[in-house]
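Numbering-wise (the working numbering), the sequence shown opens with residue 108 and increments by one. Notes for the one structure printed next.
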Amino acid sequence: MDYNKLFEQEAFKAIDRKVLDDFKVLISNLNGKSTNEMMLQIMNFYRNMPKGTSLSKEESDALIKTISLNMPKEEREKFLNMLSLISNLI
Numbered sequence: 108m109d110y111n112k113l114f115e116q117e118a119f120k121a122i123d124r125k126v127l128d129d130f131k132v133l134i135s136n137l138n139g140k141s142t143n144e145m146m147l148q149i150m151n152f153y154r155n156m157p158k159g160t161s162l163s164k165e166e167s168d169a170l171i172k173t174i175s176l177n178m179p180k181e182e183r184e185k186f187l188n189m190l191s192l193i194s195n196l197i
């Protein structure tokens, strides 16, 4: 998948460059991981974002969509269901 073209979309333009670079590393580390491992790495990504950095709902959705696009369908469904459960708890 050509992430560079994807990252040129409007939703990514407002995201801090450091956060976007860290996100690109995250994506490359997720390949071949189980849904649980992915969730742990994603939570660590959000936890380790620089202080004062926040993502809008649109930006966060764009990042999650990017992660899910590279997953097999079955894993994608598990991943999105797990995210939904977590967001309902928060």
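Quick reminder that beta carbons are idealized off the backbone N, C-alpha and C, glycines included.
How big is the Cα-Cα spacing for A169 and L176?
11 Å
In terms of alpha-carbon separation, which member of I149, K158 and R154 lies closest to F186?
I149
Among the candidates L133, V126 and I171, whose CA atom is the shortest distance from the CA of S161?
Here the closest residue by C-alpha is V126.
Give me the Cα-Cα distance between L196 and N111, rounded to the nearest whole angstrom.
Roughly 33 Å between the two C-alpha positions.
May I have the straight-line CA-CA distance separating A121 from E166, to the nearest angstrom?
8 Å
Rounded to whole angstroms, what's the CA-CA distance from M178 to F119? Just pull it up for me.
20 Å
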